[in-house]
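See below for the structure under consideration.
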Amino acid sequence: MALLATYVGLSHAVRAAVSTYIDRTDMASTSTSKKRNAAKKERRPKRKICNFCADKQPDINYKDVTRLRKYISERGKILPRRISGSCAKHQRLLTVAVKRARVIAFLPFVAD
Ligand SMILES: [Zn+2]
């Protein structure tokens with residue numbers, strides 16, 4: 020009987036906790052989702068895979084102009100990671116390579 024009583028008490032406590040949890044999450048989700056939907060319509064772009072990681076080429080060479088050209092804009096600017104999709108490590112190497120290539124005039128600083 021005592022066991023039953025504790026069981027009932029426990030279950031009641033758990034149920035109460037669960038219900039409060041559900042209420043809280045429900046409230047939270049509705050308030051945030053409304054805001055989020057108003058701000059932007061759930062745009063989650065697909066994660067791009069880094070081309071350099073995929074190719075397994077260890078080095079990004081400043082002399083490899085044909086390759087570097089894919090990572091600069093028409094104006095000659097280096098494309099950001101969110102557009103090119105390259106990983107942080109390779110983006111850093113790429114940036115250095117592009118800058119070196121600019122210094123020796125393989126790539127333009129600005130293109131008009
Ligand atoms: Zn990479």
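With the first letter of the sequence shown counted as 1, position 1 gets the number 20 in the working numbering; the numbers rise by one all the way through. Even glycine gets a Cβ: it sits at the ideal position worked out from N, Cα and C.
Q: Round the Cβ separation of residue 95 and residue 127 to the nearest angstrom and send it over; I've been treating them as touching at under 8 Å.
A: The Cβ separation is near 4 Å, so the contact holds.
**Q.** Alpha-carbon spacing of residue 112 relative to residue 78, whole angstroms
**A.** 8 Å
Q | Counted within 10 angstroms of its Cβ, other Cβ atoms place residue 102 as buried (16 or more) or exposed | A | Per the 10 Å Cβ criterion, exposed.
Q. Quick one: what does DSSP say residue 102 is sitting in, helix, strand or coil?
A. helix
**Q.** Separation of residue 125 from residue 81, as counted between CA atoms
**A.** Going from the Cα of residue 81 to the Cα of residue 125 covers about 8 Å.
**Q.** CB-CB length for residue 90 against residue 117, believed under 8 Å
**A.** Going by Cβ atoms, the distance from residue 90 to residue 117 rounds to 7 Å, so yes, they are a contact pair.
Q. Hey, out of 66, 65, 131 and 108, whose CA is closest to residue 72's CA?
A. 108
Q.
Can you tell me whether residue 128 sits near ligand 1, meaning its C-beta is under 6 Å from at least one heavy atom of the ligand?
A. Checking the Cβ of residue 128 against ligand 1 gives no.
Q. Pick from 75, 65, 85 and 92: whose alpha carbon is nearest that of residue 131?
A. 92
Q) Can residue 98 and residue 120 be called in contact, C-beta distance under 7 Å? A) no
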